[in-house]
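To start, the structure itself, in structure tokens.
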């Protein structure tokens, strides 16, 4: 308060003793205050008089506030010494006085924060956007902190109210004798209060000061708030607040994951409605595709398109639907492994290891070449090429469902080669996800640190290879010593009840999934290996488990393919149809040609004819490019336009895959096997 300019700012807060008559008068006061602050157009004596008067008002308020604080302290000491009050009553009164003390201190801080903010605004230049942006950011931060403090004060008031109710109940109980039922209910109430205090995590208070936590402004959208016909009471509305939706300033939507009161069961009705809607609409869409000769999975994708953001926009819990759909991938790969015995794996392991590696290297080389010609950054070229080199394991698994597994005695089965290469690509996916942070840093690092980045990538590759060796060693131990007794125990316990068998197989699959995830290898590989290990117990075991797991797989696969449709945007495809068709055909043809070239070099001469079928199965882009693309877009590796192109090319390549697969089957597979393969 020593600076005259600082005190003059206080007059904007303390000047009007009553409301001004109209906006014109308020505008005159503001202009006059600005002139006084800058010393323009004002008489010196008038400015001094205004400053002195404002200073007296401010000093008077501060003195009054200090007097009140002293009285509150004396009142707290008096309450604590009063022997006539119960502990609950003392706690309530002390809590109330402390809240009032905080209110006075926070009000004083808010006044001076407002004065500082106004001073910065008056000293700034209205043409300086950067300065205005910084001032706005500081005000926003101050408002966020004030909102947090106000929220805490409101919670404390609720606690004080609770203490008051406790004190009143104790007084009533002292004045009257309780019946046996009242005593039981009172004991239950106290036990319930202790339970609530034990299970409450105080997540808000524990995490608000954690590094990386930001305060954000959100909107709370109440469920069924627009439906006024229900005439819900205030209490019913408050109980339903936990299932309301929060929307932040970036238009991200959030739903409840864990309620404060865990004793009350809750259900996410949005998610239930989404799953029900997908299940109902998938039936006619699947029927339509079956009628016109397309695989049913395209009907499920169309279902996702119709219900997603580009259609009716009726799916609210998109992330939850996609998460449930991932289990469709897990069970699909488990059944793939169940049909893919270790003996067949040993037969084609060299081809499965060499083929995807050669194809990925060639795709990256072509990507860097085209990137150099089109002046695209190397990191972006490497990322796009790697995304496009991956093929869809669930899609090809659906193609191979029910197909005959052998051609001629001694020949290599095309389904074994194809599935082996796809599983190796899933391993490459895990490797690429692990290397992606280094790729992000390489895009912004200087030339002096390129050697360190290359060394870091080599170390990551070494870690992945070590993890793969550990996984396969573990699989060998499980196959030799554990899987046989484990299945026999499940089979014995599940006689007459398939529940134990399904649960045991699912638990084993999730265990393998967790192990591969902990070793930084893809979860999909763990599911595949779980199926392969169980298939080592014989054909009868495979048939029994497949009958139990297939219905679960089919339902979850519907959710998975519908979740893919949520990311398909027909309007964008229509606007850029020519460009997208050219890019899609280029990618499909390039992958087909590269696969034929690589397989011609690594396949035995007696099995060269299967290279056309295997190449047709690989000539599409994996749906996991959605995941990689979203991560790369958030990290700044690719732009929004490139991300949409990747999504569109992936979708169109998946739509073209059945036609290419049928053409290859018609050309290379004998007629009896062709029927079962298509």
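Numbering (mature numbering (1 follows the signal peptide of the UniProt record, and there is no 0)), first residue to last: -21 to -1, 1 to 657.
The beta-carbon is built from N, C-alpha and C at its ideal position, and this holds for glycine as well.
Same chain, Cβ closer than 7 Å to residue i, five either side skipped, listed in chain order
{"i": "residue 346", "result": "360, 361, 363, 364"}
{"i": "residue 293", "result": "256, 286"}
{"i": "residue 338", "result": "368, 573, 574, 577"}
{"i": "residue 501", "result": "405, 406, 408, 409, 495"}
{"i": "residue -3", "result": "With a pLDDT of 42 at residue -3, under the threshold of 50, the modelled position of that residue is not reliable, and no figure is offered here."}
{"i": "residue 217", "result": "For residue 217, the pLDDT reaches just 41, beneath the cut-off of 50, and the residue's location in the model is therefore unreliable, leaving the point undetermined."}
{"i": "residue 253", "result": "294, 295, 296, 300"}
{"i": "residue 51", "result": "76, 79, 80"}
{"i": "residue 477", "result": "527"}
{"i": "residue 457", "result": "512"}
{"i": "residue 32", "result": "none"}
Same chain only: Cβ atoms within 6 Å of residue i, ignoring 5 sequence neighbours per side
{"i": "residue 481", "result": "527"}
{"i": "residue 330", "result": "396, 581"}
{"i": "residue 645", "result": "none"}
{"i": "residue 280", "result": "540, 543, 544"}
{"i": "residue 440", "result": "none"}
{"i": "residue 210", "result": "Only weak support exists for where residue 210 lies, its pLDDT of 44 falling under 50; the coordinates are left without a value."}
Within 8 Å, strictly: CB atoms of residue i and residue j
{"i": "residue 719", "j": "residue 64", "result": "In this structure the chain extends from -21 to 657, so residue 719 is not present and cannot be described."}
{"i": "residue 511", "j": "residue 316", "result": "yes"}
{"i": "residue 332", "j": "residue 372", "result": "no"}
{"i": "residue 604", "j": "residue 625", "result": "yes"}
{"i": "residue 607", "j": "residue 297", "result": "no"}
{"i": "residue 508", "j": "residue 491", "result": "yes"}
{"i": "residue 661", "j": "residue 499", "result": "An answer regarding residue 661 cannot be provided, because it is not within the stretch -21 to 657 covered by the chain."}
{"i": "residue 563", "j": "residue 623", "result": "no"}
{"i": "residue 258", "j": "residue 268", "result": "no"}
{"i": "residue 628", "j": "residue 556", "result": "no"}
{"i": "residue 617", "j": "residue 303", "result": "no"}
{"i": "residue 592", "j": "residue 642", "result": "no"}
{"i": "residue 126", "j": "residue 92", "result": "no"}
{"i": "residue 391", "j": "residue 583", "result": "yes"}
{"i": "residue 399", "j": "residue 450", "result": "no"}
{"i": "residue 393", "j": "residue 589", "result": "yes"}
{"i": "residue 612", "j": "residue 619", "result": "yes"}
{"i": "residue 36", "j": "residue 85", "result": "no"}
Rounded distance between the beta-carbons of residue j and residue i, thought under 8 Å
{"i": "residue 44", "j": "residue 87", "result": "6 Å"}
{"i": "residue 513", "j": "residue 520", "result": "7 Å"}
{"i": "residue 335", "j": "residue 403", "result": "4 Å"}
{"i": "residue 375", "j": "residue 596", "result": "5 Å"}
{"i": "residue 378", "j": "residue 506", "result": "So it is not a contact: roughly 19 Å between Cβ atoms."}
Nearest to residue i (by Cα), restricted to the options the options
{"i": "residue 40", "options": "69, 83, 68, 54", "result": "83"}
{"i": "residue 238", "options": "230, 232, 638, 247", "result": "247"}
{"i": "residue 349", "options": "36, 590, 566, 273", "result": "566"}
{"i": "residue 571", "options": "555, 557, 594, 564", "result": "594"}
{"i": "residue 518", "options": "393, 477, 318", "result": "318"}
{"i": "residue 55", "options": "33, 79, 336", "result": "79"}
{"i": "residue 634", "options": "647, 260, 598", "result": "598"}
{"i": "residue 659", "options": "516, 438, 449", "result": "Residue numbering for the chain in the displayed model covers -21 to 657; residue 659 lies beyond these limits and cannot be assessed."}
{"i": "residue 75", "options": "260, 585, 134", "result": "134"}
{"i": "residue 48", "options": "81, 163, 264", "result": "81"}
{"i": "residue 264", "options": "249, 283, 250", "result": "283"}
{"i": "residue 343", "options": "325, 354, 366, 353", "result": "366"}
{"i": "residue 587", "options": "647, 438, 553", "result": "647"}
{"i": "residue 114", "options": "130, 94, 131, 132", "result": "94"}
{"i": "residue 455", "options": "534, 569, 325", "result": "325"}
{"i": "residue 261", "options": "536, 244, 568, 621", "result": "536"}
Proximal residues to residue i (C-beta, below 8 Å), its chain only, five neighbours per side dropped
{"i": "residue 233", "result": "197, 224, 225, 226, 227"}
{"i": "residue 479", "result": "469, 472, 473"}
{"i": "residue 453", "result": "494"}
{"i": "residue 89", "result": "125"}
{"i": "residue 305", "result": "539"}
Neighbour flag for residue i against chain B, beta carbons, 8 Å
{"i": "residue 248", "result": "In summary, chain B is missing from the structure at hand, where a single protein chain is found."}
Residue i Cβ short of 7 Å to the ligand ADP heavy atom set
{"i": "residue 511", "result": "The model depicted lacks the ligand ADP and carries no ligand whatsoever."}
- [ ] Check whether the region 277 to 293 touches the region 543 to 551, taking contact to mean three or more Cβ pairs, one atom from each stretch, closer than 8 Å.
- [x] Enough Cβ pairs lie closer than 8 Å, so yes.
- [ ] Mind the definition here: the region 302 to 311 touches the region 264 to 273 only if three or more C-beta pairs lie below 8 Å; say whether that holds.
- [x] In short, these stretches do not touch, since the Cβ pair count stays below three.
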